[in-house]
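Heads up: the sequence lines are chains A and B, in that order. Counting along the first sequence from 1, when you hit position 100 you're at 100 in the numbering used here, and nothing is skipped either side. Add 1000 to the 1-based position in the second sequence for the numbering used here, that's all there is to it. All C-beta atoms in this analysis are idealised placements derived from N, C-alpha and C, irrespective of residue type, glycine included.
Protein chains: 2
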Amino acid sequence: MPEISQRAELMPASPIRKLVPLAEAARARGTKIYQLNIGQPDLPTPQVGLDALKNIDRKILEYSPSDGYRSLREKLAEYYAQYQINLTPEDIIVTAGGSEAVLFAFMSCLNPGDEIIVPEPAYANYMAFAISAGAIIRPVVSTIEQGFALPDVAEFEKLINERTRGILICNPNNPTGYLYTRREMNSIRDLVLKYDLFLFSDEVYREFIYTGSPYISACHLEGIEQHVVLIDSVSKRYSECGIRIGALISKNRKVRDAVMKFCQARLSPPLLGQIVAEASIDAPRSYGAEVYEEYIERRKCLIDGLNRIPGVYSPIPMGAFYTVARLPVDDCDAFCAWCLSDFEYEGETVMLAPASGFYTDPGLGRNEVRIAYILCKEDLKRALVVLAKALEAYNRRTDNKQPVSQSSKAGKPDE
Amino acid sequence: MPEISQRAELMPASPIRKLVPLAEAARARGTKIYQLNIGQPDLPTPQVGLDALKNIDRKILEYSPSDGYRSLREKLAEYYAQYQINLTPEDIIVTAGGSEAVLFAFMSCLNPGDEIIVPEPAYANYMAFAISAGAIIRPVVSTIEQGFALPDVAEFEKLINERTRGILICNPNNPTGYLYTRREMNSIRDLVLKYDLFLFSDEVYREFIYTGSPYISACHLEGIEQHVVLIDSVSKRYSECGIRIGALISKNRKVRDAVMKFCQARLSPPLLGQIVAEASIDAPRSYGAEVYEEYIERRKCLIDGLNRIPGVYSPIPMGAFYTVARLPVDDCDAFCAWCLSDFEYEGETVMLAPASGFYTDPGLGRNEVRIAYILCKEDLKRALVVLAKALEAYNRRTDNKQPVSQSSKAGKPDE
Chain A
1 MPEISQRAEL
11 MPASPIRKLV
21 PLAEAARARG
31 TKIYQLNIGQ
41 PDLPTPQVGL
51 DALKNIDRKI
61 LEYSPSDGYR
71 SLREKLAEYY
81 AQYQINLTPE
91 DIIVTAGGSE
101 AVLFAFMSCL
111 NPGDEIIVPE
121 PAYANYMAFA
131 ISAGAIIRPV
141 VSTIEQGFAL
151 PDVAEFEKLI
161 NERTRGILIC
171 NPNNPTGYLY
181 TRREMNSIRD
191 LVLKYDLFLF
201 SDEVYREFIY
211 TGSPYISACH
221 LEGIEQHVVL
231 IDSVSKRYSE
241 CGIRIGALIS
251 KNRKVRDAVM
261 KFCQARLSPP
271 LLGQIVAEAS
281 IDAPRSYGAE
291 VYEEYIERRK
301 CLIDGLNRIP
311 GVYSPIPMGA
321 FYTVARLPVD
331 DCDAFCAWCL
341 SDFEYEGETV
351 MLAPASGFYT
361 DPGLGRNEVR
371 IAYILCKEDL
381 KRALVVLAKA
391 LEAYNRRTDN
401 KQPVSQSSKA
411 GKPDE
Chain B
1001 MPEISQRAEL
1011 MPASPIRKLV
1021 PLAEAARARG
1031 TKIYQLNIGQ
1041 PDLPTPQVGL
1051 DALKNIDRKI
1061 LEYSPSDGYR
1071 SLREKLAEYY
1081 AQYQINLTPE
1091 DIIVTAGGSE
1101 AVLFAFMSCL
1111 NPGDEIIVPE
1121 PAYANYMAFA
1131 ISAGAIIRPV
1141 VSTIEQGFAL
1151 PDVAEFEKLI
1161 NERTRGILIC
1171 NPNNPTGYLY
1181 TRREMNSIRD
1191 LVLKYDLFLF
1201 SDEVYREFIY
1211 TGSPYISACH
1221 LEGIEQHVVL
1231 IDSVSKRYSE
1241 CGIRIGALIS
1251 KNRKVRDAVM
1261 KFCQARLSPP
1271 LLGQIVAEAS
1281 IDAPRSYGAE
1291 VYEEYIERRK
1301 CLIDGLNRIP
1311 GVYSPIPMGA
1321 FYTVARLPVD
1331 DCDAFCAWCL
1341 SDFEYEGETV
1351 MLAPASGFYT
1361 DPGLGRNEVR
1371 IAYILCKEDL
1381 KRALVVLAKA
1391 LEAYNRRTDN
1401 KQPVSQSSKA
1411 GKPDE
């Protein structure tokens, strides 16, 4: 029987989705699960987006242009202008979600064996797309003690060699919620220029910034316009993850021409999603404001609650709708699985994403989890109660077997 | 400035879409274009599919499972049973069009440098997906003189070496309309078994078979169940190319597990497309019958008309809705471009796909074009008139410059 490819062997299982079979079994037993593992908001899609579907007056659901409808690209250009990102429709290529934008960016810019530097913890699927392109992710590790700030430039330079072709950032960051400062973005710009690198910048969470700090897009950085490949998606900002509409944006004509070859090969991005996305951009201001207020409150609820559980620590995320929290357990992979397979409190349990999957080094993030605050406050509060009970029960159980060796590291940092 | 990848340099421009800028310019001059270059049917999407959109009663357009909704996979399994293809929903993975199914099949099964054998002319994007996976397409060439029948087994065996990992077929065939016989399919099965190969089989045109000959699916071949990866799409059968819903099907658990890693990385296939596809499977029998009758008539109209133009020859396609025809010109790339840039007859012209893009060897197919019969008969008839006038005018023009050197080859074959 023919064997599968080495690339498929290398591909990581999704840390966000790999516990799904255990969750299904728990649900089959009647256990209610608070799903904090996945970035699927529970907030409604804008009504104008839903209405656009009802109003489709087509007899044929035909191919769209490979780079997406021009009307959508024009709307997107107007949208970016609000953020002082100046684009023409030609700079924008519509993709099947931000996912396809990352894949096509890597396919177009990276040769097998090429390296990109990525601050970690990082969105796990970057690794999958890098493997798809035969490229190698070299991590610079940010730490919970430093609130996941960008590691020092010296850490990047240690890794730079003749195979280094780019830097990838996610800003505001998934999974940490960190927002890069002007100073940090400038230091990235300097690196990109000094070593002639691509800057892949995933900025799908720009709507969700909760501090007074400014949002500095890679597209705001002067002098590296030809180096920047912006990754975007409407999934999170309009709570329409299922329509699979994202964008790859670049001022670099050669990059766009290369990406277009991959786009033409897959013919076109989803037609129906483009119709919904285009309409959603016209959602009233009140839609965005309500969503924003809701996340502000959820963030406070979650972070306060987490830090009140003995031995748990979470920094305060500045953006997106995730946090990486440290738990007083040795191995969050085992703990997260156990929550689904062996635990319930009054018929309920929690589903978390073990943070180990967000690091390249299998030894890192063992006592961390990513938590998405995509449930209503009432559910979040209840989930926190269940999580506290789970930690108690888990450690009572492990105390009988072996001590939690990392317990000293698991306390709150001094800062 | 950083350079794009070698893979992107290698990627071919789509032979179907590369003339688009010339067509846009012609349209801007007010020329009407009969578009025979692309497989976008003009027939309506089933009403039940369109109605399903209107009836969506969701507040959130959320992610779907990475392998697609189970309800869709169950419906698909019922659909395949009508063709004596026995599948469970677990054998079926929903993809973003047949395109993504091909890409993920290659990514999962082929290592860089691995080779697959493909009868040519072949759908041009197979090459693009092979390049994406770093794999190499080794062509066995079928000829218009033989009606594009499968080349002899000896031709395959000449190419088989230690890097050969699979055979890819498209049946009924795009671009030739050829339908593989039982004998041909058995010879492919024997090769697959003898050399332990994958068989990638793209069967998206199974609805469109116009002869009494049976449709032999790769899934009907006994003894190679673990070798077969079936590629499918609802695009053509329900005239809904824009919804981007296809499927990758395999009885090989290892292959499916590998493919699922790529599926999880891109999160999910399009939600809205799945809803339309699932409803479309319930289209009344009359829908399929009407579409079928229409293509039967168009086929007759096109092929008769082509063979009546002096120097033009087209075999009679047995399936799909394309034919590869030979034209009395030296270089169809130049001719097809010229039709858009320099020709019009009573304000009209034709857009054809030069067949050279369907062959790996740049010397092959120079005097062939692919023509899709996806326009109504009236338009097809008119397009044939315009094509005849274009050939006349083009050859008058080239006669003044240089003789058509291939003119003896461009006549009708003896058969």
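Going by Cα to Cα distance, which pick from the options is closest to residue i?
i       : options                               : result
B/K1345 : B/E1392, B/N1173, B/L1050 and B/G1098 : As written in the sequence, residue 1345 of chain B is Tyr, which differs from the Lys given in the question. Considering only alpha carbons, the answer is B/E1392.
A/G305  : A/G357, A/V386 and A/I243             : A/V386
B/Y1322 : B/L1036, B/K1018 and B/Q1006          : B/L1036
B/D1379 : B/R1299, B/L1364, B/N1395 and B/Y1394 : B/R1299
B/E1348 : B/D1057, B/A1277, B/L1050 and B/A1026 : B/A1026
B/V1324 : B/W1338, B/C1339 and B/N1307          : B/N1307
B/P1269 : B/I1243, B/K1251, B/Q1047 and B/A1258 : B/I1243
B/I1060 : A/A388, A/C241, A/R396 and A/A149     : A/C241
B/D1051 : A/D57, A/A8 and A/K75                 : A/D57
A/G113  : B/V1276, B/R1007 and B/L1384          : B/R1007
A/A372  : A/T360, A/Q40 and A/E24               : A/Q40
B/C1443 : B/R1266, B/D1091 and B/E1157          : Nothing about residue 1443 of chain B can be reported from this structure: the residues present for chain B run from 1001 to 1415 only.
B/L1022 : B/K1381, B/R1396, B/K1389 and B/F1335 : B/F1335
A/K377  : A/L43, A/R17, A/L103 and A/K32        : A/L43
Short of 6 Å in beta carbon distance, which residues of its chain neighbour residue i, apart from the five on each side in sequence? Order them along the chain.
i       : result
B/V1192 : L1199, I1224 and H1227
B/L1159 : I1117 and R1138
A/S250  : V229 and R256
A/N86   : none
A/Q264  : S66
A/L384  : G305
A/G134  : P112
For residue i, which residues of its own chain have a beta-carbon under 8 Å away from its beta-carbon, when the five flanking residues on both sides are left out?
i       : result
A/D342  : none
B/L1179 : N1171, P1172, N1173, I1209, T1211, S1213, Y1215, M1318 and G1319
B/C1332 : L1352, P1354, A1355, S1356, G1365, R1366, N1367, E1368 and V1369
A/P151  : P119, V140, V141 and S142
B/D1190 : V1153
Could you tell me if residue i is buried or exposed, where buried requires 16 or more neighbouring beta carbons within 10 angstroms of its beta carbon?
i       : result
A/E115  : buried
B/A1289 : exposed
B/A1355 : buried
B/P1175 : buried
A/M11   : buried
A/M438  : Outside the shown range of chain A (1 to 415) lies residue 438 of chain A, about which nothing can therefore be said.
A/N161  : exposed
A/V296  : Per the sequence presented here, residue 296 of chain A reads as Ile, with Val not at that position. Exposed: under 16 other Cβ atoms inside 10 Å.
A/D196  : exposed
A/T88   : exposed
B/K1177 : At residue 1177 of chain B the sequence reads Gly, which differs from the Lys that was named. Looking at its Cβ environment, which holds 16 or more other Cβ atoms inside 10 Å, B/G1177 is buried.
B/D1361 : exposed
A/K236  : buried
A/P121  : buried
For residue i, collect the residues of the same chain with a Cβ closer than 7 Å to its Cβ; drop the 5 residues on either side in sequence, then sort them by chain order.
i      : result
A/V94  : D67, G68, L72, R73, I245, A247, P269 and Q274
A/P46  : Y238, S280, A283 and Y287
A/N338 : It is Trp, not Asn, that sits at residue 338 of chain A in the sequence shown. Only Y394 meet the Cβ criterion.
A/S108 : V255, A258, V259 and F262
A/A13  : none
A/S314 : I303, L306, N307, T323 and A325
A/E9   : none
For the region 93-113 of chain A, enumerate the residues whose C-beta is nearer than 7 Å to any C-beta of chain B, in chain order.
A96, G97, S99, E100, M107, S108, C109, L110, N111 and P112
Unbroken alpha helix (DSSP H) runs of length 4 or more, entirely within the region 7-77 of chain A: which are they?
20-28 and 47-54
Return the residues of the region 219-240 of chain A that lie within a Cβ-Cβ distance of less than 9 Å from chain B, sorted by chain order.
Q226, H227, S235, Y238, S239 and E240
Against chain B, which members of the region 182-207 of chain A pass a CB distance test of less than 7 Å?
D196, L197 and F198
When Cβ atoms are compared, which residues of the region 239-257 of chain A fall closer than 7 Å to chain B?
S239, E240, C241, G242, I243, R244, K254 and V255
Report the residues of the region 321-333 of chain A with a CB closer than 8 Å to any CB of chain B, ordered along the chain.
none
Between the region 1129-1157 of chain B and chain A, which residues of the former have a C-beta closer than 7 Å to a C-beta of the latter?
F1129, S1132 and G1134
May I ask you to list, following chain order, the residues of the region 19-51 of chain A that have a beta carbon less than 8 Å from some beta carbon of chain B?
I38, Q40, P41, D42, L43, P44, T45, G49 and L50
Which of the residues in the region 265-295 of chain A, read from start to end, lie with their CB under 8 Å from any CB of chain B?
A265, R266, L267, S268, P269, P270, L271, L272, G273 and V276
Closer than 7 Å, Cβ to any Cβ of chain A: which residues of the region 1054-1069 of chain B, in chain order?
K1054, I1056, K1059, I1060, L1061, E1062, Y1063, S1064 and S1066
Give the residues from the region 356-381 of chain A that approach chain B closer than 7 Å (Cβ to any Cβ), ordered along the chain.
none
Contacting positions in the region 1162-1178 of chain B - beta carbon closer than 9 Å to chain A
R1165 and G1166
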